[in-house]
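What follows is a set of notes on a single structure, which appears directly below.
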Amino acid sequence: MTSRNYDVKNMSLAAEGKQRIEWAYREMPVLRLIRERFTAEKPLKGVRISGCLHITTETANLGLTLKAGGADLVLCASNPLSTQDDVAAALVKYGIPTFAIKGEDGDTYYKHINAALEHKPNITIDDGADLVTQLHTKRSDLLKNIIGGSEETTTGVIRLRSMYQAGKLKYPLIAVNDADTKHLFDNRYGTGQSTIDGITRATNVLWAGKKVVVCGYGWTGRGVAMRARGMGAHVIIIEVEPVRALEAVMEGYQVMPLLDAAKIGDIFITVTGDKNIIDKKHFQVMKDGAMMANSGHFNAEINIPVLEKLSQGKRTIRTYVEEYTQQDGRKLYLLGEGRLINLAAAEGHPASVMDMSFADQALCMEYLVKNKGKLEIKVHTVPEAIDKEVARLKLKAMGVAIDTLTAEQKKYLSSWEEGT
Ligand SMILES: NC(=O)c1ccc[n+]([C@@H]2O[C@H](COP(=O)([O-])OP(=O)(O)OC[C@H]3O[C@@H](n4cnc5c(N)ncnc54)[C@H](O)[C@@H]3O)[C@@H](O)[C@H]2O)c1
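So the number in our numbering is just where the residue sits in the sequence shown, counting from 1, plus 1.
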């Protein structure tokens with residue numbers, strides 16, 4: 002259904018979406034505390050926000066929190082395949098104009114980003130930096146309204162830092178991804194669990210005994226490897242960075258070049274944020290039946306155009322499973338069109354972990370408004386006070402108490418005189 006004010010698949014899905022949003026909210030106690038305070042204090046009163054995020058139940062709860070804080074918010078999808086159509090419809094019902102349809106084509110994807118920009122935002126929230134890039138390159142007329150923005154994921158932060166290095170960045174942005182309460186938990190435990198979930202839902206595969214090749218041993222790779230091992234898989238790690246490769250070896254994983262792993266792997270998962278990780282030479286030696294999935298931000302990690310060229314035929318054998326028949330008869334399987342499998346075939350990260358990432362986001366929105374005009378134009382880290390507060394609130398919500406330093410210990414830890 003389209004309208005000037007929103008573009009979602011089907012408004013009749015709204016009731017179902019509302020219930021799922023409520024269900025997720027039960028697992029978001031930190032965001033709940035922030036929403037209660039925002040409702041009373043209205044720190045975002047009158048602030049126009051355009052958010053380009055995965056349209057999921059958790060994002061809806063972030064949106065409702067910002068709205069409770071007084072923000073005038075619109076949302077669009079940050080990936081063509083990650084939208085939950087019932088949630089998009091519910092958001093419209095909640096009064097948050099939303100532009101997102103699961104499976105939208107590239108043109109619609111950018112049309113939706115432009116619709117979100119038409120809102121003339123004071124603040125942007127991005128997941129992957131497509132909105133910020135569009136704003137800088139195609140809608141620089143809107144820059145005059147901007148206070149600042151935030152970025153949710155590793156790939157987006159890399160893009161923003163490279164914009165800054167090139168002297169192209171025009172307003173202050175906060176790298177929410179780099180907060181400890183974000184990447185240590187969301188990227189690791191969130192992507193770890195939900196990637197396994199996405200592949201399982203798409204294929205119903207048994208993990209036990211499978212050779213699982215994880216490309217990239219960063220925060221997401223560590224999580225995916227850990228959870229695949231927990232399911233009984235033999236995990237092989239592919240890395241280019243020696244310290245991370247060494248860490249993987251000492252964690253007990255096999256580490257080898259991808260060309261060697263390509264010959265023995267059953268399931269390949271890319272989480273590098275890089276491009277063409279799995280390429281022609283790998284497709285050529287993979288075993289019959291090998292499956293490939295990506296959980297990195299863009300669908301560039303598996304060289305799909307080359308896979309298409311090498312194949313003599315292709316069919317959709319299950320939802321989210323494309324079978325590519327090679328010239329020699331081997332069948333290779335691509336899951337979720339090479340897009341983030343956890344969001345394409347499952348529901349993305351569980352709410353409990355997004356509670357922290359989106360608490361960071363909400364508090365960063367408030368910080369940007371409070372510091373309007375004072376922040377240098379660069380990519381900022383999340384203030385330590387916000388990071389620590391989110392961890393403190395999460396522990397409290399989980400019923401976990403911790404010790405505090407004594408005065409004697411504080412003095413000892415900040416002194417150099419005492420030794421053996
Ligand atoms: N699916 C999700 O929901 C989700 C969640 C968080 C992050 N992400 C995305 O996942 C990707 C990875 O994020 P991260 O936080 O783990 O990043 P990271 O920087 O911590 O890790 C990436 C790792 O990939 C390695 N790498 C790069 N090129 C490689 C190559 N050619 N071969 C092997 N390894 C290579 C790097 O050395 C690094 O160790 C990013 O695109 C990020 O935006 C997705």
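Every residue gets a Cβ at the ideal spot worked out from N, C-alpha and C, and that includes glycine.
Worksheet entry | Identified DSSP bridge partners for F100 | In the sequence shown, residue 100 corresponds to position 99, counting from 1. DSSP output for F100 lists D8 and C77 as bridge partner(s).
Worksheet item: What does a CB cutoff of less than 7 angstroms around K43 pick up in its chain, not counting 5 residues either side in sequence?
Response: Sequence index remark: in the sequence shown, residue 43 carries index 42 (1-based). Within the same chain, K43 has close Cβ partners G70 and G71.
Discussion item. Less than 8 angstroms between the beta carbons of A263 and H283, yes or no?
Written reply: Reading the sequence shown from its first residue, position 262 is the one you call residue 263. Reading the sequence shown from its first residue, position 282 is the one you call residue 283. Taking 8 angstroms as the Cβ cut-off, A263 and H283 qualify as a contacting pair.
Worksheet item: Is E409 near ligand 1, judged by its Cβ being under 7 angstroms from some heavy atom?
Response: Along the sequence shown, one-based indexing puts residue 409 at 408. No; taking the cut-off as 7 angstroms, the Cβ of E409 has no heavy atom of ligand 1 nearer than that.
Discussion item. Looking at ligand 1, does it come within less than 7 angstroms of E218, judged from the CB to the closest heavy atom?
Written reply: Taking the sequence shown and counting its residues from 1, one reaches residue 218 at position 217. Note on residue identity: the sequence assigns Tyr, not Glu, to residue 218. Yes - ligand 1 has a heavy atom lying nearer than 7 angstroms to the Cβ of Y218.
Discussion item. Under 7 angstroms: does the beta carbon of V338 sit that close to some heavy atom of ligand 1?
Written reply: Taking the first residue of the sequence shown as 1, we reach residue 338 at position 337. Residue identity check: residue 338 is Glu in the sequence provided, not Val. Checking every heavy atom of ligand 1 against the Cβ of E338, none is found closer than 7 angstroms.
Discussion item. If distances are taken between C-alpha atoms only, which option among R393, H120, T320 and I126 comes closest to L82?
Written reply: Sequence index remark: in the sequence shown, residue 82 carries index 81 (1-based). Comparing Cα-Cα distances from L82 to each of R393, H120, T320 and I126, the minimum goes to T320.
Fill in: Residues sharing a beta bridge with D127, DSSP
By 1-based counting over the sequence shown, the position of residue 127 is 126. Bridge partners of D127: C53 and E152.
Discussion item. Let's test the definition: count the other Cβ atoms within 10 Å of the Cβ of V428 and tell me whether it reaches 16, buried, or not, exposed.
Written reply: This structure does not reach residue 428, given that the chain is present from 2 up to 421, and the question cannot be answered.
Worksheet item: What's the C-alpha gap between I378 and S415?
Response: Position 377 of the sequence shown, counted from the start, is the residue given in the question as residue 378. Position 414 of the sequence shown, counted from the start, is the residue given in the question as residue 415. Going by the C-alpha atoms only, they are around 33 angstroms apart.
Item to complete: From the DSSP output, in three-state form, read off Y111 for me.
Response: Your numbering for residue 111 matches position 110 in the sequence shown. Three-state DSSP puts Y111 in a helix.
Fill in: Any non-hydrogen atom of ligand 1 closer than 7 angstroms to K240 Cβ
Translated into positions along the sequence shown, residue 240 becomes position 239. Contrary to the premise, residue 240 reads as Glu rather than Lys in this sequence. Answer for E240: yes, Cβ within range of ligand 1.
Fill in: Top-ranked residue by Cα proximity to G266, from A291, Q255 and P258
As a position in the sequence shown, residue 266 is number 265, starting the count at 1. For G266, the nearest C-alpha among the options comes from A291.
Worksheet item: What span of residues does the alpha helix (DSSP H) with A408 cover, start to end?
Response: By 1-based counting over the sequence shown, the position of residue 408 is 407. Unbroken alpha helix (DSSP H) run through A408: A408 to L414.
Worksheet item: Looking at C-alpha atoms only, which residue of D73, M366, T57 and A16 is the closest neighbour of G91?
Response: The residue you call residue 91 lines up with position 90 of the sequence shown. Residue 91 is actually Ala in this sequence, not Gly. Ranking D73, M366, T57 and A16 by Cα distance to A91 puts A16 first.
Item to complete: Give the straight-line distance between the Cα atoms of T40 and K68, rounded to the nearest whole angstrom.
Response: Here residue 40 refers to the residue found at position 39 when the sequence shown is read from its first residue. Here residue 68 refers to the residue found at position 67 when the sequence shown is read from its first residue. Near 9 angstroms, if we compare the C-alpha coordinates of K68 and T40.
Worksheet item: Relative to ligand 1, is the shortest distance from any of its heavy atoms to the C-beta of S163 smaller than 7 angstroms?
Response: Your numbering for residue 163 matches position 162 in the sequence shown. S163 Cβ: outside cutoff for every heavy atom of ligand 1.
Item to complete: Classify T3 as buried or exposed, calling it buried when 16 or more other Cβ atoms lie within 10 Å of its own Cβ.
Response: Translated into the one-based positions of the sequence shown, residue 3 becomes position 2. Note on T3: pLDDT 41, under 50, position unreliable in the model; no value is reported.
Worksheet entry | Neighbourhood of R49 by C-beta distance below 7 angstroms, restricted to the same chain and skipping five residues each side | For the purposes of this step, residue 49 is identified with residue 48 of the sequence shown, where counting begins at 1. Around R49: D73, H120, K121, P122 and N123.
Discussion item. At a threshold of 7 angstroms, does S296 count as lining ligand 1 (C-beta to nearest heavy atom)?
Written reply: The residue labelled residue 296 in the question sits at position 295 within the sequence shown. True, at least one ligand heavy atom lies under 7 angstroms from that Cβ.
Fill in: Span separating the alpha-carbon of Y254 from that of Q135
Along the sequence shown, one-based indexing puts residue 254 at 253. Along the sequence shown, one-based indexing puts residue 135 at 134. So the two alpha carbons sit approximately 41 angstroms from each other.
Worksheet item: Would the C-beta of N80 count as close to ligand 1, meaning under 7 angstroms from any of its heavy atoms?
Response: Translated into positions along the sequence shown, residue 80 becomes position 79. Not so, every heavy atom of ligand 1 lies at least 7 angstroms from the Cβ.
Discussion item. Under DSSP, the beta strand (DSSP E) around G222 begins and ends at which residues?
Written reply: One-based indexing of the sequence shown puts residue 222 at position 221. First-last for G222: W220 to G231, but that is the alpha helix (DSSP H), not the beta strand (DSSP E).
Item to complete: With DSSP as the reference, please indicate the residues paired to G330 in a beta bridge.
Response: Locating residue 330 in the sequence shown gives position 329, counting from the first residue. G330 is not bridged to any residue.
Item to complete: Would you list the one or two residues that DSSP bridges to E323?
Response: Position 322 of the sequence shown, counting from 1, holds the residue named residue 323. Bridge partners of E323: T317 and L335.
Practice prompt. Would you tell me roughly how many angstroms separate the C-alpha atoms of H169 and Y7, rounded to the nearest one?
Written response: Within the sequence shown, the letter at position 168 stands for residue 169. Within the sequence shown, the letter at position 6 stands for residue 7. As written in the sequence, residue 169 is Lys, which differs from the His given in the question. The straight-line gap from Cα to Cα measures roughly 31 angstroms.
Worksheet item: Taking DSSP as the reference, what is the three-state secondary structure of M357?
Response: As a position in the sequence shown, residue 357 is number 356, starting the count at 1. M357: helix per DSSP, three-state reduction.
Discussion item. Any heavy atom of ligand 1 closer than 7 angstroms to the beta-carbon of H283?
Written reply: Counted from its first residue, the sequence shown places residue 283 at position 282. No, Cβ of H283 sits at least 7 angstroms from all heavy atoms of ligand 1.
Discussion item. Tell me whether the stretch 173-185 and the stretch 197-213 touch, counting them as touching only if at least three CB pairs, one residue from each stretch, are closer than 8 angstroms.
Written reply: no
Discussion item. Can you give me the C-alpha to C-alpha distance between R228 and S195, rounded to a whole angstrom?
Written reply: Start at 1 with the first residue of the sequence shown, and residue 228 comes out as number 227. Start at 1 with the first residue of the sequence shown, and residue 195 comes out as number 194. For R228 and S195, the distance between alpha carbons rounds to 10 angstroms.
Worksheet item: Is V236 near ligand 1, in the sense that its beta carbon is under 7 angstroms from a heavy atom of that ligand?
Response: Taking the sequence shown and counting its residues from 1, the one referred to as residue 236 is at position 235. No, since every heavy atom of ligand 1 falls outside the 7 angstroms radius drawn around the Cβ of V236.
Worksheet item: Comparing alpha-carbon positions, which option in A392, A345 and G96 lies nearest D356?
Response: Position 355 of the sequence shown, counted from the first residue, corresponds to residue 356. Comparing Cα positions, the closest option is A392.
Worksheet item: Taking 7 angstroms as the line, does the beta carbon of L344 fall inside it for any heavy atom of ligand 1?
Response: Within the sequence shown, numbered from 1, the residue matching residue 344 stands at position 343. Indeed, a heavy atom of ligand 1 lies less than 7 angstroms from the Cβ.
Fill in: Spatial distance of D127 from T421 (CA atoms)
Translated into positions along the sequence shown, residue 127 becomes position 126. Translated into positions along the sequence shown, residue 421 becomes position 420. Distance between the alpha carbons of D127 and T421 is about 51 angstroms.
Discussion item. At a cut-off of 7 angstroms, would you count L341 as near ligand 3, judging by its Cβ distance to the nearest heavy atom?
Written reply: Within the structure as shown, ligand 3 is missing, the only ligands being ligand 1.
Worksheet item: At what residues does the beta strand (DSSP E) containing A209 begin and finish?
Response: Here residue 209 refers to the residue found at position 208 of the sequence shown. Counting along the chain, A209 falls outside any beta strand (DSSP E), and DSSP gives it neither H nor E.
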